[in-house]
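Undergrad:
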Amino acid sequence: MSKSLRLETLMEGCGGTDAKACYHAYFLCFNDARYYEAHDVLEYAWLKLSPAEGMFFKGLIQLAGAFVHLQKQYLRPYHYKFGGRLRPAKRLFWVASKNLHPYFPKHMGLDVAVALKVCEFLEGKIAASGYQYNPWRPENAPYFEEKADMWYLRMRGV
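Residues in the sequence shown are numbered consecutively from 948, following our numbering.
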């Protein structure tokens, strides 16, 4: 199945291929630790938005991208390509924060303030370890919790 067909199938299950459906699909994929797919579904919508509208989505895409790096590094820490992914992950947390910050404290049903705190916390953990410690583990994979029509980024056991 091609990438675009796979994405469209996923988004159809979320109610369509518009920005709202992509946004919902992002949270579903992210919560399943399918960060690359979360990145892809939101990118699908982001590419159709104006730069001003798309900055929020761009920040969330970068957030998912940071977790792609952490997950790959965790799964294959000594691999020539995946072993060095802590620096790009830290950088993506920083860039995601920069792009999400204008939407502080809340935007589109996301508690941006909490997402920024998680980015700052993980960026700090990685940097403080001298890029030796990966805070991502399957048992503490981040997830978005939905409460009263608001999404909150959470970390298990960190």
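Positions of the beta carbon are idealized from the N, C-alpha and C atoms, including for glycine.
Which partner residues does Tyr-1090 have in the DSSP bridge list?
TA: For the purposes of this step, residue 1090 is identified with residue 143 of the sequence shown, where counting begins at 1. According to DSSP, which records beta bridges pairwise, Tyr-1090 is partnered with Arg-1101.
Undergrad: Using only alpha-carbon positions, find the residue among Asp-1058, Tyr-1021, Arg-981 that is nearest to Ala-1095.
TA: As a working note, residue 1095 is residue 148 in the sequence shown. Selected option, being the one with the closest Cα: Asp-1058.
Undergrad: Quick one: what's got a C-beta closer than 7 Å to Val-1015's C-beta in the same chain, skipping five residues either side?
TA: Your numbering for residue 1015 matches position 68 in the sequence shown. Correct list, in chain order: Tyr-982, Tyr-983, His-986.
Undergrad: Can you tell me whether Leu-1063 is helix, strand or coil according to DSSP?
TA: Against the sequence shown, residue 1063 aligns to sequence position 116. Here Leu-1063 sits in helix by DSSP.
Undergrad: Could you tell me if Asn-1087 is buried or exposed, where buried requires 16 or more neighbouring beta carbons within 10 angstroms of its beta carbon?
TA: By one-based count along the sequence shown, residue 1087 stands at place 140. With fewer than 16 Cβ atoms within 10 Å of its Cβ, Asn-1087 is classed as exposed.
Undergrad: Is the beta carbon of Phe-1003 less than 9 Å from the beta carbon of Leu-1033?
TA: Position 56 of the sequence shown holds residue 1003. Position 86 of the sequence shown holds residue 1033. Going by C-beta atoms, Phe-1003 is not nearer than 9 Å to Leu-1033.
Undergrad: Apart from the five residues on each side of it in sequence, which residues of its chain come closer than 7 Å, Cβ to Cβ, to Leu-1069?
TA: In the sequence shown, residue 1069 corresponds to position 122, counting from 1. So the list reads Phe-1040, Pro-1082, once near-sequence residues are dropped.
Undergrad: Find out if the Cβ-Cβ distance for the pair Val-1065, Met-1102 is shorter than 9 Å.
TA: Taking the sequence shown and counting its residues from 1, the one referred to as residue 1065 is at position 118. Taking the sequence shown and counting its residues from 1, the one referred to as residue 1102 is at position 155. In this structure, Met-1102 lies closer than 9 Å to Val-1065 by Cβ.
Undergrad: My understanding is that Leu-989 touches Leu-1007, with C-beta atoms under 8 Å, so please give their C-beta distance in whole angstroms.
TA: Taking the sequence shown and counting its residues from 1, one reaches residue 989 at position 42. Taking the sequence shown and counting its residues from 1, one reaches residue 1007 at position 60. The pair is a contact, with the Cβ atoms about 6 Å apart (cut-off 8 Å).
Undergrad: Just to confirm before moving on: does the CB-CB distance between Gly-1031 and Gln-1020 stay below 9 Å?
TA: Taking the sequence shown and counting its residues from 1, the one referred to as residue 1031 is at position 84. Taking the sequence shown and counting its residues from 1, the one referred to as residue 1020 is at position 73. Their beta carbons are under 9 Å apart, which means Gly-1031 touches Gln-1020 by this criterion.
Undergrad: In terms of alpha-carbon separation, which member of Leu-1017, Leu-1022, Gly-1001, Asn-978 lies closest to Ala-966?
TA: Taking the sequence shown and counting its residues from 1, one reaches residue 966 at position 19. Nearest option by C-alpha distance: Gly-1001.
Undergrad: Can you tell me whether Lys-1072 is helix, strand or coil according to DSSP?
TA: Indexing the sequence shown from 1 puts residue 1072 at position 125. Residue state, collapsed to three classes: helix.
Undergrad: Rounded to a whole number of angstroms, what is the C-alpha to C-alpha distance between Gly-1077 and Pro-1089?
TA: Along the sequence shown, read from residue 1 onward, the residue named residue 1077 stands at position 130. Along the sequence shown, read from residue 1 onward, the residue named residue 1089 stands at position 142. Roughly 22 Å separates the two Cα atoms.
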